[in-house]
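Student:
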Amino acid sequence: MAAGLSLSACAAGGFSLEKAEVDRSLLTGTVASNPQAPVDADRLSDESTIRNAVSAADINGLGTSPLAWANANTGSRGAISNMIEHKENGALCRKFTASRESFDGVSLYQGEACLADAGAWRMLAFQPVS
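Residues 440 to 569 in this note's numbering are what the sequence shown spells out, letter by letter.
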């Protein structure tokens with residue numbers, strides 16, 4: 440009988456939905472409405488490959504012929520054309536158009552690479568042609 444009394448005491452003092460309130464001590468976070476686009480590692484790798492091809496090109500020997508490029512790491516390939524050499528603030532630069540064929544389609548880009556202080560080439564622009 441003692442067990443029956445203790446069980447009824449637990450049931451009588453239980454949780455009541457009528458007395459439930461919002462727990463204001465809990466904090467939640469939000470998700471940014473404009474998350475940054477993920478970095479496309481294949482595109483960046485292809486951009487570096489194109490930059491290297493542009494920097495190593497013999498413009499005088501090329502003439503108007505396109506320069507083929509391929510990236511063994513990504514499987515992408517394409518051609519660089521309309522390469523023009525000029526000086527930008529005293530630095531040697533090359534503007535160009537590049538095609539990129541990859542698993543996600545074919546794209547055309549306008550780019551510009553310039554020779555930096557330490558003798559390395561830096562891509563200043565590489566934008567899709569719309």
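All residues carry an ideal CB built from backbone N, CA and C; glycine is no exception.
Who are the Cβ neighbours of PRO566 in its own chain at under 8 Å, not counting the five residues just before and after it?
Tutor: Reading off the sequence, residue 566 comes out as Gln, not Pro. The answer, listed in chain order, is TYR548, GLN549, GLY550.
Student: Does DSSP classify GLU524 as helix, strand or coil?
Tutor: Of the three classes helix, strand and coil, the one that applies to GLU524 here is strand, per DSSP.
Student: Using the C-alpha atoms, what's the distance from ASN491 back to TRP560?
Tutor: The straight-line gap from Cα to Cα measures roughly 8 Å.
Student: Should ARG463 go down as buried or exposed, given a rule of 16 or more other Cβ atoms within 10 Å for buried?
Tutor: Its Cβ having fewer than 16 others within 10 Å, ARG463 is exposed.
Student: Using the Cα positions of ASN646 and ARG516, report the straight-line distance between them to the nearest angstrom.
Tutor: There is no way to answer for residue 646, as the model of the chain reaches only from 440 to 569.
Student: DSSP state of GLU540, grouped into three classes?
Tutor: GLU540 falls in the strand class under three-state DSSP.
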